[in-house]
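Below is one structure, written out as structure tokens; comments come after it.
Chains as they are written, first to last, in my numbering: chain A, 1 to 141; chain B, 142 to 527.
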């Protein structure tokens with residue numbers, strides 16, 4: 001099999017699919033040329049991510065990466081969520097094929113862009129966002 | 142779970158009769174066809190009989206059939222051999238943008254060696270323009286190579302007309318007929334084809350064996366150097382069991398051709414119609430007419446092909462896609478891009494290829510599951526607004 005059981009589980013039974021109406025933050029990364037677009041929505045109360053949903057156009061690993069990311073950050077503080085890296089996503093999925101690692105990068109980036117969106121709207125600063133420019137996110141494979 | 146195989150253009154199962162024909166040649170009649178003793182002579186006889194059967198599928202003479210390891214070798218051999226033999230006459234080759242990689246990458250190799258290649262565009266259904274072909278021919282054009290049937294979208298090119306144009310201009314014509322053999326009547330005596338590639342494993346024969354038809358009078362040079370096999374053109378001890386299997390597959394294909402075409406066409410049209418009628422925003426890739434009898438290719442908007450394949454596999458349906466993700470590359474299939482599909486729709490392509498063991502019930506099962514799976518993926522897609 002191409003993917004681990006955890007990837008297949010998150011792909012076949014994705015957690016937290018959908019949109020959050022009036023989300024506090026939203027991040028979209030990827031592009032249609034490469035065949036992946038990932039959008040993550042977050043709700044925030046007292047700097048804690050109370051809800052997180054996603055919508056993804058992409059392959060099995062893109063969907064699984066989105067799904068597990070929403071699970072990993074729900075209930076976390078923003079500072080904790082900003083510590084999440086694509087390596088954590090890969091590890092939690094039990095590994096991804098090397099050609100699919102970019103899917104985990106997209107998940108990390110989409111989350112960061114969503115938090116950046118929240119921070120900007122609310123004039124907040126977070127250590128984990130220092131130097132982060134949502135326009136500089138590398139969307140290529 | 143019942144597994145349903147809808148990927149016959151990728152490969153086919155070996156038919157029981159084919160396997161049974163092969164078995165004695167592994168253990169009992171295992172001789173080397175080059176040997177003088179009886180073991181060798183029996184092998185030589187069966188080699189001759191097999192060559193006749195393969196020739197018969199395309200109405201060739203047996204001495205025009207050269208066994209190879211498959212379609213890729215036949216394509217490589219045809220192009221590189223014709224290029225080298227004729228390099229003093231000219232260095233220009235014409236092919237199309239939707240050829241198999243065995244052709245495209247052989248052309249790239251030849252370009253590095255100083256040959257010039259014109260890659261003809263195709264229209265939205267995958268057909269080359271005969272006018273474009275005529276206009277592309279130059280004084281130094283030595284070879285035209287156009288595939289008979291496209292492996293992804295099923296387009297059947299007008300090989301007869303292409304052959305006439307090639308002949309009028311005194312240019313050698315090769316066609317990759319890997320998807321065509323056994324799926325359409327091929328008569329090389331009625332076509333102005335000089336070289337033609339076929340493969341065994343696409344027609345219910347074993348893998349690792351194929352043939353190159355070389356019309357009498359067409360000069361080729363050896364692809365493999367070594368012994369005197371294949372009239373000193375393709376050295377190496379003949380793979381007799383595989384050749385016997387290939388020949389049996391050709392024989393069955395020839396006998397059943399009409400039934401095969403009519404059965405597959407009905408299932409193909411049924412699948413196309415049912416999916417088109419029950420799913421929105423779906424495009425049928427490839428032509429309505431002049432289409433491979435078993436080829437179905439859809440593009441579903443808003444979703445990605447690999448995800449679709451995985452969900453189909455989870456319910457036992459084996460298919461393929463031209464999505465970049467399935468190929469492990471950046472770009473979607475060159476064929477889908479050449480027929481003018483945008484990235485957003487090319488990524489959502491699905492190829493289902495029907496074969497001799499496909500049943501009507503499989504079609505209904507696929508339609509039912511496709512409706513559900515496409516909706517599930519669309520509900521997840523940020524591009525889709527319900």
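In this text, a Cβ means the ideal position worked out from N, Cα and C, and glycines have one as well.
Under the three-state reduction of DSSP, which class applies to residue i: helix, strand or coil?
i                      : result
residue 259 of chain B : strand
residue 505 of chain B : helix
residue 355 of chain B : strand
residue 283 of chain B : strand
residue 424 of chain B : strand
residue 37 of chain A  : strand
residue 554 of chain B : Shown here, chain B extends from 142 to 527; a query on residue 554 of chain B therefore has no answer.
residue 135 of chain A : helix
residue 51 of chain A  : strand
residue 146 of chain B : strand
residue 113 of chain A : helix
residue 141 of chain A : Reliability fails at residue 141 of chain A, whose pLDDT of 45 lies under 50, so the model's placement of it is uncertain and no value is given.
residue 78 of chain A  : helix
residue 57 of chain A  : strand
residue 72 of chain A  : helix
residue 371 of chain B : helix
residue 101 of chain A : helix
residue 451 of chain B : helix
residue 349 of chain B : coil
residue 175 of chain B : coil
residue 13 of chain A  : coil
residue 361 of chain B : coil
residue 520 of chain B : helix
residue 270 of chain B : coil
residue 296 of chain B : strand
Would you mind stating whether residue i and residue j have Cβ atoms separated by less than 8 Å?
i                      : j                      : result
residue 17 of chain A  : residue 520 of chain B : yes
residue 306 of chain B : residue 275 of chain B : yes
residue 405 of chain B : residue 495 of chain B : yes
residue 49 of chain A  : residue 87 of chain A  : no
residue 356 of chain B : residue 283 of chain B : no
residue 34 of chain A  : residue 448 of chain B : no
residue 432 of chain B : residue 297 of chain B : yes
residue 39 of chain A  : residue 110 of chain A : yes
residue 57 of chain A  : residue 67 of chain A  : no
residue 377 of chain B : residue 367 of chain B : yes
residue 362 of chain B : residue 225 of chain B : yes
residue 207 of chain B : residue 374 of chain B : yes
residue 82 of chain A  : residue 131 of chain A : no
residue 168 of chain B : residue 343 of chain B : no
residue 216 of chain B : residue 238 of chain B : no
residue 267 of chain B : residue 428 of chain B : yes
residue 464 of chain B : residue 446 of chain B : yes
residue 259 of chain B : residue 243 of chain B : no
residue 30 of chain A  : residue 44 of chain A  : no
residue 304 of chain B : residue 332 of chain B : yes
residue 255 of chain B : residue 280 of chain B : no
residue 426 of chain B : residue 477 of chain B : yes
To the nearest whole angstrom, what separates the beta carbons of residue i and residue j, a pair I think is in contact under 8 Å?
i                      : j                      : result
residue 390 of chain B : residue 156 of chain B : 7 Å
residue 324 of chain B : residue 435 of chain B : 7 Å
residue 27 of chain A  : residue 113 of chain A : 3 Å
residue 78 of chain A  : residue 41 of chain A  : That belief does not hold up - the Cβ atoms of residue 78 of chain A and residue 41 of chain A are roughly 15 Å apart, past 8 Å.
residue 198 of chain B : residue 322 of chain B : 6 Å
residue 438 of chain B : residue 294 of chain B : 5 Å
residue 194 of chain B : residue 369 of chain B : Rounded, the Cβ-Cβ distance is 23 Å, inconsistent with contact.
residue 504 of chain B : residue 415 of chain B : 7 Å
residue 485 of chain B : residue 32 of chain A  : 5 Å
residue 315 of chain B : residue 220 of chain B : 7 Å
Please list the partners that residue i has in chain C, where partner means a Cβ-to-Cβ separation under 9 Å.
i                      : result
residue 464 of chain B : The displayed structure is made up of protein chains A and B, and chain C is not among them.
Report yes if the C-beta of residue i is less than 7 Å from at least one heavy atom of the ligand COA; otherwise report no.
i                      : result
residue 475 of chain B : By its list of ligands, the structure shown contains no ligand whatsoever, and the ligand COA lies outside what it can speak to.
Discussion item. To be precise: take each residue of the segment 443-456 of chain B, compare its Cβ to all Cβ atoms of chain A, and keep it if any distance is under 9 Å. Which residues remain?
Written reply: 443, 444, 445, 446, 447, 448, 450, 451, 452, 455
Worksheet item: What residues from the segment 482-498 of chain B come within 7 Å of chain A, judged by C-beta to C-beta, listed N to C?
Response: If the cut-off is 7 Å between Cβ atoms, the segment 482-498 of chain B has 484, 485, 488 near chain A.
Worksheet item: Listed in chain order, which residues of the segment 40-66 of chain A have Cβ atoms closer than 7 Å to some Cβ of chain B?
Response: Those residues of the segment 40-66 of chain A that come within reach of chain B (Cβ to Cβ, closer than 7 Å) are 55, 56, 57, 58, 59, 60, 63.
Item to complete: Could you say if the segment 177-196 of chain B and the segment 372-392 of chain B meet the contact criterion of at least three C-beta pairs nearer than 8 Å?
Response: yes
Item to complete: Residues of the segment 2-26 of chain A with a CB closer than 9 Å to any CB of chain B: list them in chain order, please.
Response: 2, 3, 8, 11, 12, 14, 17, 18, 19
Worksheet item: Does the segment 324-340 of chain B come within contact of the segment 198-216 of chain B, defined as at least 3 CB pairs closer than 8 Å?
Response: yes
Practice prompt. Output, in sequence order along the chain, the residues in the segment 353-385 of chain B whose CB is closer than 9 Å to any CB in chain A.
Written response: Only those residues of the segment 353-385 of chain B whose C-beta falls short of 9 Å from the nearest C-beta of chain A would be listed, and there are none.
Discussion item. Pairs of beta-carbons, one from the segment 300-314 of chain B and one from the segment 508-525 of chain B, closer than 8 Å: are there three or more?
Written reply: no
Discussion item. For the pair the segment 445-463 of chain B and the segment 342-350 of chain B, tell me if three or more CB-CB distances fall below 8 Å.
Written reply: no
Worksheet item: Taking any Cβ of chain B, which residues in the segment 68-80 of chain A have a Cβ under 7 Å from it, in chain order?
Response: none
Worksheet item: Name the residues in the segment 508-523 of chain B whose C-beta lies less than 8 Å from a C-beta of chain A; which are they?
Response: 520, 521, 522, 523
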